Amino acid sequence: RAILDENHGYKNEHVLETVDKFFAAVEKDGSDTKTMADIAISFIARTRRQSDQLPNIRFENTEVDYRDDNRHMWMFIEEGDEEEAFEDNRDVKAEELETDGLPPRHYAEWDYATQTYKPDWVSLYESIHPSGTASDIDGILDKHKALAKQLKHILDRLKPQQFVRVRYQEEGSELDLDVAIRSLIDYKCGAQPDPRINMSHKHDGRDIAVSLLLDLSASLNDVPEGSEQTILQLSQEAVSLLAWTIEQLGDKYAIAGFHSDTRHNVRYYHMKGYSEHFDDAVKGRLAAMDAGFSTRMGAAIRHASHYLEAQKADKKLLLILTDGEPADIDVEDEQYLISDTKKAVDEISSKGMFTYCISLDKKADDYIQDIFGPGGYTVIDHVEKLPEKLPLLFTALTS
-14 RAILDENHGY
-4 KNEHVLETVD
6 KFFAAVEKDG
16 SDTKTMADIA
26 ISFIARTRRQ
36 SDQLPNIRFE
46 NTEVDYRDDN
56 RHMWMFIEEG
66 DEEEAFEDNR
76 DVKAEELETD
86 GLPPRHYAEW
96 DYATQTYKPD
106 WVSLYESIHP
116 SGTASDIDGI
126 LDKHKALAKQ
136 LKHILDRLKP
146 QQFVRVRYQE
156 EGSELDLDVA
166 IRSLIDYKCG
176 AQPDPRINMS
186 HKHDGRDIAV
196 SLLLDLSASL
206 NDVPEGSEQT
216 ILQLSQEAVS
226 LLAWTIEQLG
236 DKYAIAGFHS
246 DTRHNVRYYH
256 MKGYSEHFDD
266 AVKGRLAAMD
276 AGFSTRMGAA
286 IRHASHYLEA
296 QKADKKLLLI
306 LTDGEPADID
316 VEDEQYLISD
326 TKKAVDEISS
336 KGMFTYCISL
346 DKKADDYIQD
356 IFGPGGYTVI
366 DHVEKLPEKL
376 PLLFTALTS
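Listed below in structure tokens is the structure:
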């Protein structure tokens, strides 16, 4: 300060002498670095106190947090990290962390800006959906009895009428007598018998596995114009009718729902497994359908396809029911999750599986073709007609 302010008011002889040396050096040699360093070192050597020889390593009245390793000193915020900073301090409710003891599955996410995957970016927790009252679903089916009767005529035409015998199986529904006798003869002769002595029957002409993936985001709690029911209630009716329809056809199918609360907490709920029938247990889970949070669709699609790919079927269809575009509270760029969802659909297609989306969003034309491609979606403008249209749409897709 004494060098910059001529009215500094300092009276210390060492300070005044150093200031005089500084200005004298500037007038004589200009800004010579070595000269300035000599002046500074000379000032420090004359003014340093004995107590400055060693650092003061003791701090009084200082409380250090347990296991505080000063890690925060080495945290550097990069561009793009700001939108995630709020997550560290937000309160997380206990019920949001219930995972039924299962560790999360981590999925990559596509970043269209860098044209690369972010590895293990999304944490997905899966669980069995809570159960409700199965009779509620029976009431829905009874409510749409006339529609069910109409569907029955269509289903009778689609349902395979002939069975094909599948022989040479170690496990089957009945004994294949010819093979069993031949194996017994081999055994008596000392030869190795064939253990594949059973057989089973399957329908000829229809071999389909279907995964129905439901968007359970908070917007399903809205009541659409012209309806007295929420979108969630209409979706529940439509899914119940669709489950009844697929059950009549004998196709393998599974039902699951999802929602998300940032990339760290994507929830995936199993409502019906491929090996289950449309019984009271499944109806109870459908009756307890609930909506909340956001729609991080890419991770849910990848997880559903993981189970669908494992099914033995000639045709595999992932059917998605949603009421809006992919979105989450930790993503500001709308195009980011749309691009990731498109990438997930492309991944499924490359594995020989089909994806079809039924959207209830009137504004879906702005983005849905970019995700599912032409012919890969249907937009239902009148949501109140969903229970009627969804089963009919499925039969048209799989006929």
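The opening position of the sequence shown corresponds to residue -14 in the numbering used here, with each subsequent residue numbered one higher. For each residue, glycine too, the CB sits at the ideal point set by N, CA and C. If you're wondering where the values come from, they're calculated on a predicted model, not measured in any experiment.
Member of the options whose CA lies at the smallest distance from the CA of residue i
i: Leu126; options: Gln214, Pro88 and Lys268; result: Lys268
i: Ile333; options: Leu304, Asp351 and Ala131; result: Leu304
i: Thr340; options: Pro104, Met274, Tyr362 and Pro88; result: Tyr362
i: Ala276; options: Ala25, Ala176 and Leu201; result: Leu201
i: Gln233; options: Ser220, Glu222 and Phe263; result: Phe263
i: Ile297; options: Glu12, Asp5 and Arg191; result: For clarity, residue 297 is Lys in the given sequence; the question names Ile instead. Closest option to Lys297, Cα to Cα, is Arg191.
i: Ser120; options: Ala131, Asp265, Met21 and Leu306; result: Asp265
i: His252; options: Leu87, Met21, Asn(-8) and Ala10; result: Inspection of the sequence shows that residue 252 is occupied by Arg rather than by His. Taking only the C-alpha atoms, the option nearest Arg252 is Leu87.
i: Asp161; options: Tyr172, Met184 and Asp179; result: Met184
i: Ala389; options: Ala273, Gly235, Thr230 and Arg248; result: As shown, the chain starts at -14 and ends at 384. That puts residue 389 outside it, with no answer to give.
i: Ala285; options: Asp5, Tyr352, Ser108 and His114; result: Ser108
i: Ile193; options: Ala295, Thr247 and Pro372; result: Ala295
i: Ile182; options: Val195, Ser168 and Ala176; result: Ser168
i: Asn206; options: Glu94, Gln218 and Ser212; result: Gln218
i: Gly211; options: His255, Val11 and Val368; result: Val368
i: Lys128; options: Tyr92, Glu156 and Pro372; result: Pro372
i: Thr3; options: Tyr92, Phe28, Ser324 and Val11; result: Phe28
i: Ile166; options: Asp179, Ser158 and Asn(-3); result: Asp179
i: Pro209; options: Ala10, Met21, Glu12 and Ile365; result: Ile365
Residues that residue i bridges to, as DSSP identifies them
i: Asp96; result: Thr101
i: Met184; result: Glu159
i: Thr3; result: Paired residues: none, contrary to the question.
i: Thr280; result: Ala312
i: Ser196; result: Ala239 and Leu303
i: Thr363; result: Ile343
i: Arg90; result: Leu109
Where residue i falls, given that 16 or more other Cβ within 10 Å makes a residue buried
i: Arg150; result: exposed
i: Gly309; result: buried
i: Lys370; result: exposed
i: Cys342; result: buried
i: His244; result: buried
i: Asn250; result: buried
i: Gly360; result: exposed
i: Lys134; result: exposed
i: Arg(-14); result: exposed
i: Arg31; result: exposed
i: Ala349; result: buried
i: Leu(-11); result: exposed
i: Arg33; result: exposed
i: Leu(-5); result: Checking the sequence, you will find Tyr at residue -5 rather than Leu. The residue is exposed, with fewer than 16 neighbouring Cβ atoms inside 10 Å.
i: Ala131; result: exposed
i: Ser260; result: exposed
Integer Cβ distance of residue i from residue j, believed to fall under 8 Å
i: Arg270; j: Ser112; result: In fact, because the Cβ distance is near 11 Å, the residues do not count as touching under 8 Å.
i: Tyr238; j: Leu197; result: 7 Å
i: Phe8; j: Ile24; result: That pair is no contact at about 10 Å.
i: Met338; j: Ser290; result: 6 Å
i: Lys257; j: Ala228; result: 7 Å
i: Thr380; j: Ile356; result: About 24 Å separates the two Cβ atoms, so there is no contact after all.
i: Lys328; j: Gly283; result: 7 Å
i: Leu293; j: Thr383; result: No, Leu293 and Thr383 are not in contact; Cβ-Cβ is about 14 Å, not under 8 Å.
i: Arg287; j: Pro311; result: At roughly 13 Å, the Cβ-Cβ gap does not stay under 8 Å, so Arg287 and Pro311 are not in contact.
i: Thr230; j: Leu140; result: 7 Å
Where residue i falls: helix, strand or coil (DSSP)
i: Glu357; result: With the sequence shown as reference, residue 357 is identified as Phe, and Glu is not the correct amino acid for it. In the structure shown, Phe357 sits in a helix (DSSP, three-state: H, G or I).
i: Pro307; result: For clarity, residue 307 is Thr in the given sequence; the question names Pro instead. Strand.
i: Val111; result: Before going on, a small fix: residue 111 reads as Glu here, not Val. Note: Glu111 maps to strand in three-state DSSP.
i: Tyr172; result: helix
i: Thr20; result: helix
i: Tyr321; result: helix
i: Lys78; result: Since pLDDT at Lys78 reaches only 44, below the 50 mark, its modelled position is unreliable, and no value is offered.
i: His255; result: strand
i: Ser290; result: helix
i: Phe243; result: strand
i: Ile343; result: strand
i: Gln154; result: strand
i: Val149; result: strand
i: Gln218; result: helix
i: Asp141; result: helix
i: Ala30; result: helix
i: Val208; result: coil
i: Glu(-9); result: coil
i: Lys128; result: helix
i: Arg191; result: coil
i: Asp350; result: helix
i: Asp331; result: helix
i: Arg(-14); result: coil
i: Phe263; result: coil
i: Thr118; result: coil
i: Ala295; result: coil
i: Ser225; result: helix
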